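For reference, the structure is listed below as structure tokens.
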Amino acid sequence: MPELPEVENTRRYLIESRVEGVQIVSATVTWGNSVKHPQLEDFVLDIQGETIQSIGRRGKYILLNLVSGRILVLHLGMTGGIRVQRRDQNPSDMVRHFFDLYDGRQIRFIDPRKFGHMWLVDDFQQVSHKMGPEPLEPTFTSNVLRQIVNARQIPIKALLLDQAAIAGIGNLYADEVLFLSGIYPGAIAADLSDSSIELLHRSILSTLARSISLYDVDRKALWPEPSFGLPNWTMKRIIGAPCIQCGNPMDMIKVRGRSSYYCPQCQLRTN
DNA sequence: AGTACGTCCTGATCGC
DNA sequence: TGCGATCAGGACGTAC
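The numbering of the first sequence is my numbering, which starts it at 96 and goes up by one.
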């Protein structure tokens, strides 16, 4: 569920926490399956003494660019979150991994469901080779989106979830932008009209930007903090809940096994 | 090229 | 009340 905005805000949080330029003196991994590459023993040993140079992001991946040129790549999975805390501050049970910093703090990887992953690589390509464009880059124009959409004979919902098509959108944002665009989740991508794609493009940009801004307004809105909530979702993800636009009951279909909430009145099957 | 399903996990929720 | 079954979900692998 951490999708592009939550990951971007986690990146901003790390920068504001001033971990750039700080050395990692040791690492503790309590759930070895999280480490994907290379071997676990190498991972812990290799990370020692590395200094964080800068914090980046690609899609849903957080990139800790290290002075050596290597990259510590973090993926939050479904329930993962990052916090920077003093070593003497009691960690929650859900902290799976610790990176001890030279200044006495720790970068803590919280991950209740253990779906998060970590890599230490020379090149991000080693983690993910095929990734679609960043939707918030200026180069992601409606023309670019139209080319992507026109080329695929799959449900638009499935396309939005395909990280090789567009990077960073997950199940919740996909439903959100389809609702705002009035597009039925099961509609075949290549069948969408130019005007629908135009609307979809605008919805993607505005929805992602709005969610990122929540953290800029309130620093407590950092995933997975439940107190502030994430974006102001236009739907409650409950079958039968009234649509905020027309009042008719919302429904849910499965698209490629993913729950897809939509309004049968506002999201017609023809676009 | 596209679809279906299994895998990894745990906590919330459902049915009996 | 309490217990077991089911589901959710990101990314990837395998089979068709």
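Note that the Cβ used here is the ideal one computed from N, Cα and C, for glycine as well.
Model, not experiment: these values are computed from the prediction.
- In terms of Cβ geometry, Pro-233 and Gly-263 do not form a close pair [threshold 9 Å].
- Residues Cys-358, Gln-360, Cys-361 of the same chain have their beta carbon placed closer than 8 Å to that of Cys-341, with the five preceding and five following residues left out of the count.
- Pro-280 carries a coil assignment under DSSP once its states are collapsed to helix, strand and coil.
- Non-local C-beta neighbours of Arg-181 in its own chain, meaning closer than 8 Å and more than five positions away in sequence, comprise Gly-199, Arg-200, Gln-201, ordered along the chain.
- With 16 or more other Cβ atoms from the protein chains shown falling within 10 Å of its own Cβ, Trp-318 counts as buried.
- Gly-172 and Trp-126 have their C-alpha atoms roughly 14 Å apart.
- Taking a cut-off of 8 Å on C-beta distances, the region 243-254 does not touch the region 212-223, as fewer than three cross pairs fall below it.
- Counting along the chain, the unbroken alpha helix (DSSP H) around Ser-291 starts and ends at 289-312.
- A residue is called buried when at least 16 other Cβ atoms come within 10 angstroms of its Cβ; Thr-236 does not meet this threshold and is exposed.
- For Val-239, there is no enclosing beta strand (DSSP E); the enclosing alpha helix (DSSP H) covers residues 237-245.
- Rounded to the nearest angstrom, the gap between the Cα atoms of Glu-136 and Val-124 is 10 Å.
- The beta-carbon separation of Leu-158 and Ile-147, rounded to 10 Å, does not stay under the 8 Å limit for a contact.
- Looking from the CA of Arg-178, the closest CA among Val-162, Ile-333, Asp-206, Met-226 belongs to Asp-206.
- Within the region 126-194, complete alpha helix (DSSP H) segments of at least 4 residues are found at 135-142, given in chain order.
- Between Leu-99 and Lys-155, the gap from beta carbon to beta carbon is short of 9 Å.
- A buried status is given to Ile-166, since no fewer than 16 other beta-carbon atoms sit within 10 Å of its beta-carbon.
- Taking the Cα of Phe-274 as reference, the smallest distance to any Cα among Tyr-108, Gln-143, Trp-328 is reached at Trp-328.
- The C-alpha of Asn-245 is placed about 25 Å away from the C-alpha of Ala-304.
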